[in-house]
Every structure is written in C-alpha cells, then in structure tokens.
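Peer 1: First, the structure itself, so that you have it in front of you.
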Amino acid sequence: WFMEEFFAAPLHLGFVILGWCGLGLCGVILQIVGRVSDLVPEIVEDNEANSEVAL
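The structure is reproduced here in structure tokens:
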C-alpha cells in the first residue's frame, strides 16, 4: 500500500492546482462583472445625453 500512496499523491496535485486556479478565476470574473454592471448605466446615460444634444 506504500507504493500506492506514492503514486496517488502526485496525481492529485494537478486537481489541487486546478481547483485553486478555478477559485481564483471565479473571483476575478465576479469582480469584472461587478465593475461592468456599475459602468453600463453610466455609459447608457452618457449616450442618451449625447443623442439629445445632436437632435
């Protein structure tokens, strides 16, 4: 059973790294979505103001 542990430990390291990368990516995506949702109303408001000036 000792050799089985030597085989399994490095095999699971990839899953650990993949899990941490996935969690980090989800955090970055949540921050991006939050910031974009803050900026979209400002952009729409600016576009509406510019279109009224052109009329």
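Here our numbering = 1-based position in the sequence shown + 45. We treat Cβ as the ideally placed atom computed from N, Cα and C, and that holds for glycine.
Quick one: Cα of Arg80 to Cα of Phe51, how far?
Peer 2: Rounded to whole angstroms, Arg80 to Phe51 spans 45 Å at the Cα level.
Peer 1: Compute the Euclidean distance between the alpha carbons of Val78 and Pro86, then round it to the nearest angstrom.
Peer 2: Those two C-alpha atoms are separated by around 13 Å.
Peer 1: In whole angstroms, what is the alpha-carbon distance linking His57 and Asp83?
Peer 2: The straight-line gap from Cα to Cα measures roughly 40 Å.
Peer 1: Who are the near neighbours of Ser96 in its chain, counting only those whose CB is closer than 7 Å to its CB and skipping five residues on each side?
Peer 2: The answer is none, since no qualifying residue turns up.
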